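One structure is given below, encoded as structure tokens.
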Amino acid sequence: MRIRSSGMVYAVDWTPGEVLDELAEDRFVGRTVHMENRIVISSRAPEGRQRQALIHELVHVVDDGYKVGLTEKQVSRFSRGLFALLMDNPDAVRYVVAGKRPKKKKHG
Ligand SMILES: [Zn+2]
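Take 27 as the starting number for the sequence shown in the working numbering and just add one per residue.
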């Protein structure tokens with residue numbers, strides 16, 4: 027999978043191993059390696075956690091590309107809220123992504 031954001035292209039790779047930081051001191055479900063334009067997700071984690079991790083890393087990518095200046099805590103909370111919002115509103119996601127307005131449901 028490739029992610030385009032602010033003129034950059036990031037490769038998303040899944041690894042069966044652990045996702046570690048540079049010093050191999052911390053493990054993560056996902057991590058963005060900005061220097062390599064790469065997002066790595068651990069396929070060891072439960073599937074739902076992998077998807078949450080991707081959204082988390084995408085927020086990092088937007089934060090970095092648009093120089094927002096979010097803290098890790100802000101990325102963490104915002105991405106959790108965004109993930110829940112996307113999951114709870116598939117019609118709105120379809121509309122934003124594809125311009126497809128949902129058909130009005132008849133009452134009763
Ligand atoms: Zn993070």
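Heads up, the beta-carbon is just placed ideally off N, CA and C, and yes, glycines get one too.
All values derive from a computational prediction rather than experimental measurement.
Considering only 101, 32, 93 and 120, the residue with the shortest C-alpha distance to residue 57 is 101. In this structure, the beta-carbon distance from residue 82 to residue 105 falls below 8 angstroms. Per DSSP, residue 74 is not a residue of any beta strand (DSSP E); the alpha helix (DSSP H) it occupies stretches across 73-91. Taking the CA atoms as reference points, residue 97 sits about 15 angstroms from residue 107. Between residue 80 and residue 67, the C-beta spacing is below 8 angstroms. For residue 38, the closest C-alpha among the options 113, 62, 51 and 89 is that of 62. Residues with their Cβ less than 6 angstroms from any non-hydrogen atom of ligand 1, running along the chain, are 82, 86, 98 and 101. Exclusion of the five residues before and after residue 31 leaves 84, 87, 88 and 91 as the residues of its chain whose Cβ lies within less than 8 angstroms of its Cβ.
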